[in-house]
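To keep things clear, I will list the structure first and then write my remarks on it.
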Amino acid sequence: MSAVLECRNLVAGHGNVAIVRGFDLAVDAGSVLSILGPNGAGKTTLLETLAGLLPRLGGEVAIDGVTIPSGKPNAAARAGLVLVPDDRALFTTLTVEENLEVARKKSSPPARDMLEIFPALEKRWTLAAGALSGGEQQMLAAARGLVQQPRVLLIDEMSMGLAPVVVEQLLPLVRKIADTTSAVVVLVEQHVQLALEVADHAMVLVHGEVALTGTAAELAAASDRLAAAYLGTVAEPGDVVAPGAR
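In my numbering, the protein residues as written are 4 to 249.
This is the structure we're talking about:
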């Protein structure tokens, strides 16, 4: 099986300043990849570069084997890369239905199909997005990305500003998205253990480099090495927990 999302020696940053360096990746359909790491590690910069919001400073990004242009968000979207940003970017005066209809392609399924994955939105269907709770807004933001039928759904900090009990309810939806749609989900998340519970694979970014990588189960079982990676004390960048990690 060929990977849906591939990065080859990707360099990402702002202006001429490289923040993420030498990033390699290959993720198969229906997989969840958690990108972990301390604040300032380059996680959001990485997602924005994948989505074309920032031009690449080097390397390639490919969807289904086809390299997408650098710094062109429309081209990235056409290729199937959709970003759910950490600020959710909802139209707060539009209803739940209207937010989905604005994003929906003509070829996409009806907006109400999103209720199969996000049933809690049904009772809020005609309410303005600004009247939703934080958790409901995050569900709507994810549904708005999903209604675009992405090959790759990039989710930046799904838990931003939410109570832990709400996060525990939200993150399993990431697994449901991947299993239901076969999309690749790349999840940047600060709630490490919850992120590992829903992911297939995980990477820890530290100072713009991959400090630790492996299956989610391997990283969850290696809590000492995971903590060391967060503290920046892993001896070599790109440390792999076990040889089975892709």
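Just so it is clear, CB atoms sit at the ideal spot from N, CA and C, and this is done for glycine as well.
Sub-8 Å separation of residue i and residue j beta-carbons
i	j	result
residue 38	residue 208	yes
residue 203	residue 50	no
residue 152	residue 108	yes
residue 127	residue 139	yes
residue 210	residue 44	yes
residue 219	residue 205	yes
residue 94	residue 123	no
residue 7	residue 27	no
residue 82	residue 54	no
residue 58	residue 74	yes
residue 62	residue 102	no
Extent of the continuous alpha helix (DSSP H) to which residue i belongs
i	result
residue 180	175–184
residue 2	No information on residue 2 is available, as it lies outside the stretch 4 to 249 that the chain covers here.
Beta bridge counterpart(s) of residue i as assigned by DSSP
i	result
residue 159	191
residue 121	Residue 121 is not bridged to any residue.
residue 39	207
residue 168	Answer by DSSP bridge pairing: none, since residue 168 is not bridged.
Residue i, DSSP secondary structure in three states
i	result
residue 45	coil
residue 7	coil
residue 245	Note on residue 245: pLDDT 41, under 50, position unreliable in the model; the coordinate value appears next. Here residue 245 sits in coil by DSSP.
Beta-carbon contacts of residue i that lie in its chain and below 8 Å, excluding the five residues immediately before and after
i	result
residue 165	137, 138, 141 and 173
residue 104	114
Cβ-based neighbour list, residue i, same chain, cut-off 6 Å, excluding 5 preceding and 5 following
i	result
residue 1	In the structure as shown, the chain starts at 4 and stops at 249, and residue 1 therefore has no counterpart that could be examined.
Extent of the continuous beta strand (DSSP E) to which residue i belongs
i	result
residue 24	20–30
residue 62	61–66
residue 205	204–209
residue 214	212–218
residue 84	84–87
Residues of its chain near residue i, where Cβ-Cβ distance is below 7 Å and the 5 sequence neighbours each way are ignored
i	result
residue 247	Any reading at residue 247 must be qualified, since the residue scores a pLDDT of 35, below 50, and its modelled position is unreliable; no value is offered.
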